[in-house]
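The structure appears right after this line, and notes come after that.
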Amino acid sequence: MFGDTWYEERIGALVMRSGRLCAVMTPAGLGASVLGLLGDLQVPVMEVGVGDRCVWSFLAENPRCGEGAGWWSVDLFRCFVTQTRPGALIALPTPGNPRRTWVREPQGIVPDLRLVADTIVAA
């Protein structure tokens, strides 16, 4: 599902490169609202941080070039949301690292970024 992953010593986590998949990071409260709106859709979501200093990170599939990529960037920015760009490292939940945990574990299906972005803006 994730492609190549490896353990990155500097941050103590399993990582992957953003490419086919990206991470969309939201404030925790917004993330909970988005997850509620997405309902039963099996979107992988992780919590990064501890206590009131954490974000939720939604994994989504990047659209292919020429499929309207990028229109949501300004809308997401207005919601205090950031998205990984191609080639960026995405830190994944890692056994023994309590700062990265799954809110909703991957089930083999990753939704399109446009659906996740639309839901974030609607929340």
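Final position of the sequence shown in the numbering used here is 123; the numbers increase by one with none missing.
Glycine included, C-beta positions come from ideal geometry on N, C-alpha and C.
Every value quoted in this text rests on a predicted model; they were computed, and no experiment measured them.
What residue range is occupied by the uninterrupted alpha helix (DSSP H) comprising residue i?
i: residue 77; result: 73-78
i: residue 11; result: Here residue 11 belongs to no alpha helix (DSSP H), and DSSP marks it neither H nor E.
i: residue 94; result: Element bounds for residue 94: n/a, residue is neither H nor E.
i: residue 114; result: 113-122
Per DSSP, what are the beta-bridge partners of residue i in this structure?
i: residue 27; result: 55
To which residues of the same chain is residue i closer than 8 Å at the C-beta, ignoring the five residues directly before and after it?
i: residue 94; result: 7, 12, 13, 14, 100
i: residue 110; result: 1, 21, 43, 44, 59, 60, 61
i: residue 33; result: 123
Who are the near neighbours of residue i in its chain, counting only those whose CB is closer than 6 Å to its CB and skipping five residues on each side?
i: residue 86; result: 18, 19
Residues in the same chain with beta-carbon distance under 7 Å from residue i, minus the five sequence neighbours each way, listed in chain order, please.
i: residue 108; result: 1
i: residue 38; result: 119
Along the chain, where does the beta strand (DSSP E) that runs through residue i open and close?
i: residue 49; result: 45-50
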